[in-house]
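K.L.:
Below you will find the structure I want to go over with you.
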Amino acid sequence: MASPSHSPVTFTGNLASRTSASDHLLGASNGIANVPLKVLGRARFGTRRRDFTISAKVRKVKKHEYPWPDDADPNVKRGVLTHLSHFKPLKEKQRPVTLDFEKPLMALQKKIINVQKMANETGLDFNDQIISLESKYQQALKDLYTHLTPIQRVNIARHPNRPTFLDHVISITEKFVELHGDRSGYDDPAIVTGLGTINGRSYMFMGHQKGRNTKENIRRNFGMPTPHGYRKALRMMYYADHHGFPIITFIDTPGAFADLKSEELGQGEAIAHNLRTMFGLKVPIVSIVIGEGGSGGALAIGCANKLLMLENSVFYVASPEACAAILWKSAKASPKAAEKLKITAGELTKLQIADGVIPEPLGGAHADPYWTSQQIRTAIVDAMDELVKMDTQELLKHRMLKFRKLGGFQEGISIDPAKKISMKKKEESILQPRRTSNLELEGAVEKLKQQILEAKESSTEPPVLGLNEMIQKLKLEVEHEYTEAVNAVGLKDRLILLREEFMKARNSKDQPMSPSLNDKMEKFKDELNRSLSAAPNYASLNYKLHMLNEISKAKILSEKNNKMGSLRQAINKRFREILDQTNMKEKIESLTKEIEDSGVPSFAELDQSLKEKILQVKEEIETDLSDVLESLGLHPEPASFSSLKLKTEELNKEINHVIEDVISSSDLKNKIELLKMEAERAGKTPDPETRSKILALEQQIKHSIAAAVDSSVLKGKYEELKAQISEAIDTSEVKS
8 MASPSHSPVT
18 FTGNLASRTS
28 ASDHLLGASN
38 GIANVPLKVL
48 GRARFGTRRR
58 DFTISAKVRK
68 VKKHEYPWPD
78 DADPNVKRGV
88 LTHLSHFKPL
98 KEKQRPVTLD
108 FEKPLMALQK
118 KIINVQKMAN
128 ETGLDFNDQI
138 ISLESKYQQA
148 LKDLYTHLTP
158 IQRVNIARHP
168 NRPTFLDHVI
178 SITEKFVELH
188 GDRSGYDDPA
198 IVTGLGTING
208 RSYMFMGHQK
218 GRNTKENIRR
228 NFGMPTPHGY
238 RKALRMMYYA
248 DHHGFPIITF
258 IDTPGAFADL
268 KSEELGQGEA
278 IAHNLRTMFG
288 LKVPIVSIVI
298 GEGGSGGALA
308 IGCANKLLML
318 ENSVFYVASP
328 EACAAILWKS
338 AKASPKAAEK
348 LKITAGELTK
358 LQIADGVIPE
368 PLGGAHADPY
378 WTSQQIRTAI
388 VDAMDELVKM
398 DTQELLKHRM
408 LKFRKLGGFQ
418 EGISIDPAKK
428 ISMKKKEESI
438 LQPRRTSNLE
448 LEGAVEKLKQ
458 QILEAKESST
468 EPPVLGLNEM
478 IQKLKLEVEH
488 EYTEAVNAVG
498 LKDRLILLRE
508 EFMKARNSKD
518 QPMSPSLNDK
528 MEKFKDELNR
538 SLSAAPNYAS
548 LNYKLHMLNE
558 ISKAKILSEK
568 NNKMGSLRQA
578 INKRFREILD
588 QTNMKEKIES
598 LTKEIEDSGV
608 PSFAELDQSL
618 KEKILQVKEE
628 IETDLSDVLE
638 SLGLHPEPAS
648 FSSLKLKTEE
658 LNKEINHVIE
668 DVISSSDLKN
678 KIELLKMEAE
688 RAGKTPDPET
698 RSKILALEQQ
708 IKHSIAAAVD
718 SSVLKGKYEE
728 LKAQISEAID
738 TSEVKS
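Put into structure tokens, the structure is as follows:
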């Protein structure tokens with residue numbers, strides 16, 4: 008790329024004709040005749056000083072031309088060299104971003120904030136509740152981040168608040184000086200290079216630089232370098248090799264910038280040149296993947312003696328979305344692609360592509376950037392201490408062998424049968440369902456509960472299929488947890504032997520199960536129950552068992568409600584049929600007419616003959632209905648009980664009227680008022696004298712009410728009703 012062209016600068020005045028503008032520029036110690044050079048960067052200006060004028064006209068660059076503005080002046084604001092400004096702290100805090108799988112955590116966090124707010128507003132002590140919620144949050148966070156799926160790690164690696172290369176470098180170095188330019192006319196801001204020191208030892212740092220907000224991302228081209236970026240890195244590699252500085256590279260890019268201009272300027276050639284050169288450098292090289300490492304764009308600065316990866320970083324030849332689009336014709340299959348690609352730090356370390364995993368705090372590197380940076384610093388120092396001890400030939404051989412052994416295999420070697428079986432088991436285990444974290448299970452259960460509640464409110468059938476699926480899922484989870492617990496407490500071998508004995512006894516149909524085997528099983532069960540609490544996953548097992556019990560109860564209740572609903576419909580249908588019978592209709596209509604003609608507003612005021620007619624019709628309906636209920640498999644109470652209930656209610660009403668009359672009498676009313684006054688005066692802790700007064704008044708009031716109720720008329724009615732109830736109970740027992 009050609010160097011940017013500058014607008015002409017003209018000088019006029021009484022200067023000697025032989026003196027050129029460049030002579031004055033070079034001779035001035037502080038700009039042009041003490042005019043600062045940075046003044047030349049303004050769009051238009053004119054300065055008159057010592058009888059000469061400087062004028063310049065520059066072309067403004069349009070927005071959104073990055074990274075390829077045409078003929079941009081290096082001194083123009085928003086031009087191609089604005090990224091030469093120092094890396095500064097952000098003026099405003101980054102907005103918190105919640106990933107989809109983290110949303111259940113936010114509900115707990117919101118509860119904690121609400122309780123703290125309530126404590127501040129009311130002044131009450133909610134410390135116990137806050138501590139309990141925080142402990143639950145920490146446990147949920149731990150469960151979530153120790154069972155992350157590959158696609159979840161991809162999302163964390165792409166988190167917009169994740170610390171960038173310069174964030175880490177500034178935290179881990181004592182001194183850092185950024186170096187710019189590829190010496191071919193451009194300085195790509197997507198790759199940053201510079202010299203820095205750790206523990207007094209100088210290193211050459213280079214890495215992909217993403218932005219911390221939208222504006223920075225546009226300026227840094229989202230961490231996707233152009234050929235100029237790789238050529239800048241190449242220049243710094245030669246510089247470090249010449250001066251003997253060990254090289255540390257930080258990888259964090261979705262890939263090289265793949266536009267037409269990059270291809271025209273030799274993107275592939277620039278990457279290939281870097282790959283070839285890195286294998287010949289005579290200084291130690293350590294590469295660290297801090298985010299996502301995509302394809303050749305990452306490998307161009309990643310051919311190192313040691314490749315280290317942050318715990319939630321990924322390194323891939325094609326992104327999960329691209330892989331899913333190619334293989335399954337849909338980017339929605341990206342979780343499946345991420346799992347099959349083996350792109351996480353743990354998987355790549357097993358495959359010996361990565362040499363180590365650098366831990367991250369719970370919640371990802373953005374949860375505690377400084378702590379993460381210190382972990383990177385420790386890993387760099389340890390790796391460099393090992394590599395600097397090697398001589399040049401040993402170092403070059405170490406780097407070559409690291410890449411030569413990747414994907415290596417030998418043909419013609421027979422495989423041990425035992426190993427073949429274990430390989431087969433491993434393949435089958437891949438097909439097993441993924442373990443689900445407690446947080447995900449809790450979210451799924453809460454969602455199912457909400458569906459059941461909505462179904463109940465809308466009087467529709469509850470999601471039985473969802474309940475069955477959840478129960479099956481929880482059963483599998485509990486089984487896995489039990490297996491882990493048994494292994495942890497050292498009872499695995501005994502369980503296998505006991506299971507084999509049980510299967511043999513079960514398969515032998517002729518012989519019953521021996522009592523000794525039953526005793527063994529009971530003893531093992533007791534021992535397991537005693538030892539389970541010592542298992543590391545006991546809390547998780549208990550939690551999942553509790554959820555399984557809850558969902559099972561919900562299913563039983565749902566089935567019961569369904570059965571009751573259908574039964575209710577059948578009863579209502581048969582009841583309507585009874586009422587629609589001709590003779591029953593005539594009786595009801597006749598009774599209705601008699602009641603209307605009497606003009607009495609309530610049942611209690613009707614004459615006795617009409618009451619008896621109503622009760623007779625009611626008993627007939629109840630008798631027919633009891634036959635219907637018995638045909639449906641139900642056993643209703645006898646029809647006589649309903650009339651007895653009615654009589655009991657009438658007696659209760661009569662007793663209440665008597666009590667009200669007694670209470671309204673002046674003597675008892677005065678005693679009640681006096682009792683109230685004594686109680687108010689005594690408060691919560693009355694003295695002995697006041698307490699005795701209150702007790703005496705209570706006894707007097709009770710005796711007065713009891714004497715009023717214990718009249719001969721009420722007593723006679725009570726005894727008669729009691730005898731009728733006993734007779735009805737005896738009759739129902741004889742029938743049953």
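Residue numbers (this note's numbering): 8 to 743. Every residue, glycine too, gets a C-beta built ideally from N, C-alpha and C.
Taking Asp174 as the reference, give the member of Ser337, Leu106, Ile297 and Tyr323 with the closest Cα.
P.N.:
The sequence position of residue 174 within the sequence shown is 167, counting from 1. Considering only alpha carbons, the answer is Ile297.
K.L.:
Is Ile314 helix, strand or coil by DSSP?
P.N.:
One-based indexing of the sequence shown puts residue 314 at position 307. The residue asked about is misnamed: residue 314 is Leu in this sequence, not Ile. Leu314 falls in the strand class under three-state DSSP.
K.L.:
Under the three-state reduction of DSSP, which class applies to Thr385: helix, strand or coil?
P.N.:
Here residue 385 is taken as the residue at index 378 of the sequence shown, counted from 1. Residue state, collapsed to three classes: helix.
K.L.:
For Glu185, which residues does DSSP report across the bridge?
P.N.:
Within the sequence shown, the letter at position 178 stands for residue 185. Answer is Gly201.
K.L.:
Helix, strand or coil, according to DSSP, for Pro11 in the structure here?
P.N.:
Looking up residue 11 in the sequence shown gives position 4. Confidence at Pro11 is low in this model, with a pLDDT of 43, below 50, so its placement is unreliable and no value can be given for it.
K.L.:
Okay, do the segment 130-148 and the segment 189-196 touch, 3+ Cβ pairs below 8 angstroms being the bar?
P.N.:
Contact fails: fewer than three Cβ-Cβ distances are below 8 angstroms.
K.L.:
Tell me which residues share the same chain as Gly370 and place their Cβ nearer than 8 angstroms to its Cβ, disregarding the 5 neighbours each side in the sequence.
P.N.:
Locating residue 370 in the sequence shown gives position 363, counting from the first residue. Leu148 and Tyr152, listed in sequence order.
K.L.:
What residue range does the alpha helix (DSSP H) around Arg411 cover?
P.N.:
Along the sequence shown, read from residue 1 onward, the residue named residue 411 stands at position 404. Arg411 -> alpha helix (DSSP H) spans Thr399 to Arg411.
K.L.:
Does Gly723 pass the burial test, meaning 16 or more other C-beta atoms within 10 Å, or should it be called exposed?
P.N.:
Sequence index remark: in the sequence shown, residue 723 carries index 716 (1-based). By the neighbour-count rule (16 or more Cβ atoms within 10 Å), Gly723 is not buried but exposed.
K.L.:
Closest by CA to Met528, which one among Leu498, Ala541, Lys551 and Asn544?
P.N.:
Along the sequence shown, one-based indexing puts residue 528 at 521. The shortest Cα separation from Met528 among Leu498, Ala541, Lys551 and Asn544 belongs to Leu498.
K.L.:
If you scan the segment 465-549 from start to end, which runs of the alpha helix (DSSP H) of 4 or more residues do you find wholly inside it?
P.N.:
471-495, 499-514 and 522-538
K.L.:
Indicate whether Gly236 and Lys217 have their beta-carbon atoms separated by less than 8 angstroms.
P.N.:
Here residue 236 refers to the residue found at position 229 of the sequence shown. Here residue 217 refers to the residue found at position 210 of the sequence shown. The answer is no: Cβ separation not under 8 angstroms.
K.L.:
Between Ala197 and Ser320, is the Cβ-Cβ spacing less than 8 angstroms?
P.N.:
As a first step, residue 197 must be located in the sequence shown, where it is residue number 190. As a first step, residue 320 must be located in the sequence shown, where it is residue number 313. No, the pair does not count as a contact, with Cβ atoms beyond the cut-off.
K.L.:
Secondary structure at Gln731, three-state DSSP: helix, strand or coil?
P.N.:
Taking the first residue of the sequence shown as position 1, residue 731 is located at position 724. It is helical.
K.L.:
Determine the direct distance from the alpha carbon of Thr105 to that of Lys349, and round the result to whole angstroms.
P.N.:
On the sequence shown, position 342 is the one that residue 349 refers to. On the sequence shown, position 98 is the one that residue 105 refers to. Going from the Cα of Lys349 to the Cα of Thr105 covers about 25 angstroms.
K.L.:
Does the structure place the segment 382-395 close enough to the segment 359-369 that three or more beta carbon pairs sit under 8 angstroms?
P.N.:
yes
K.L.:
Using C-beta distances below 7 angstroms, list every residue in its chain close to Ser27, excluding the 5 sequence neighbours before and after it, in chain order.
P.N.:
In the sequence shown, residue 27 corresponds to position 20, counting from 1. Legend: pLDDT at Ser27 = 39, less than 50; position of this residue unreliable, value from coordinates given subsequently. So the list is empty, once near-sequence residues are dropped.
K.L.:
What residue range is occupied by the uninterrupted alpha helix (DSSP H) comprising Arg160?
P.N.:
On the sequence shown, residue 160 is found 153 positions in, with the first residue counted as 1. Per DSSP, Arg160 belongs to the alpha helix (DSSP H) from Pro157 to Ala164.
K.L.:
Can you give the Cα-Cα distance for Lys124 and Ile205, rounded to whole angstroms?
P.N.:
The count along the sequence shown starts at 1 and reaches residue 124 at position 117. The count along the sequence shown starts at 1 and reaches residue 205 at position 198. The straight-line gap separating the alpha-carbon atoms of Lys124 and Ile205 is approximately 45 angstroms.
K.L.:
Look at the alpha carbon of Thr233 and the alpha carbon of Gly303, and state the distance between them as a whole number of angstroms.
P.N.:
Numbered from its first residue, the sequence shown carries residue 233 at position 226. Numbered from its first residue, the sequence shown carries residue 303 at position 296. If I take the Cα positions, the gap works out to 12 angstroms.
K.L.:
To which residues does DSSP link Glu299 through a beta bridge?
P.N.:
Reading the sequence shown from its first residue, position 292 is the one you call residue 299. Its beta-bridge partners are Val321.
K.L.:
Take Glu346 as the anchor and find which of Gln731, Gln588 and Ser326 has the nearest alpha-carbon.
P.N.:
Start at 1 with the first residue of the sequence shown, and residue 346 comes out as number 339. Considering only alpha carbons, the answer is Ser326.
K.L.:
Tell me the DSSP secondary structure of Phe582 in three-state form.
P.N.:
The residue given as residue 582 occupies position 575 in the sequence shown. It is helical.
K.L.:
Report the three-state DSSP secondary structure of Ser191 (helix, strand or coil).
P.N.:
Here residue 191 refers to the residue found at position 184 of the sequence shown. DSSP places Ser191 in coil when its eight states are reduced to three.
K.L.:
Which residues in the same chain as Arg49 place their Cβ atom closer than 8 angstroms to its Cβ, once the five residues preceding and following it in sequence are excluded?
P.N.:
Numbered from 1 along the sequence shown, position 42 holds the residue referred to as residue 49. In this prediction, Arg49 has a pLDDT of 43, which is less than 50 and means its spatial position is unreliable; nothing more can be read from the coordinates.
K.L.:
Start and end of the alpha helix (DSSP H) containing Met125?
P.N.:
In the sequence shown, counting from the first residue as 1, residue 125 sits at position 118. Run containing Met125: Lys110 to Thr129, per the alpha helix (DSSP H) assignment.
K.L.:
Based on DSSP bridge pairs, tell me the residues matched to Arg208.
P.N.:
Locating residue 208 in the sequence shown gives position 201, counting from the first residue. Arg208 is bridged to Ile205.
K.L.:
Quick check on the burial criterion: 16 or more other C-beta atoms within 10 angstroms. Buried or exposed for Gln274?
P.N.:
What you label residue 274 is simply residue 267 of the sequence shown in a count that begins at 1. Result: buried.
K.L.:
Under the three-state reduction of DSSP, which class applies to Ile254: helix, strand or coil?
P.N.:
For the purposes of this step, residue 254 is identified with residue 247 of the sequence shown, where counting begins at 1. Reduced to three states, the DSSP call for Ile254 is strand.
K.L.:
Touch check for the segment 207-214 and the segment 247-264: three-plus C-beta pairs under 8 angstroms?
P.N.:
yes
K.L.:
Beta-carbon within less than 8 angstroms of Ala361's beta-carbon, same chain only, minus the 5 sequence neighbours each way: which residues are those?
P.N.:
Within the sequence shown, numbered from 1, the residue matching residue 361 stands at position 354. The answer, listed in chain order, is Val296, Leu314, Leu315, Met316, Phe322, Ala352 and Leu355.
K.L.:
Find the nearest neighbour of Arg160 within the set Glu109, Asp132 and Thr171, judged by alpha-carbon distance.
P.N.:
The sequence position of residue 160 within the sequence shown is 153, counting from 1. The option with the nearest alpha carbon to Arg160 is Glu109.
K.L.:
Can you tell me which residues form a DSSP beta bridge with Ile365?
P.N.:
Counted from its first residue, the sequence shown places residue 365 at position 358. Partner(s): Leu317.
K.L.:
Going by other Cβ atoms of all chains shown within 10 Å of its Cβ, with 16 needed for buried, is Met243 buried or exposed?
P.N.:
Locating residue 243 in the sequence shown gives position 236, where the first residue counts as 1. The residue in question, Met243, is buried, as its Cβ has 16 or more Cβ neighbours within 10 Å.
K.L.:
State the Cα-Cα distance for the pair Val624 and Lys594, rounded to the nearest angstrom.
P.N.:
Counting from one through the sequence shown, the residue named residue 624 turns up at place 617. Counting from one through the sequence shown, the residue named residue 594 turns up at place 587. Using only the alpha carbons, I get a separation of about 7 angstroms.
K.L.:
According to DSSP, is Met391 helix, strand or coil?
P.N.:
As a first step, residue 391 must be located in the sequence shown, where it is residue number 384. Residue state, collapsed to three classes: helix.
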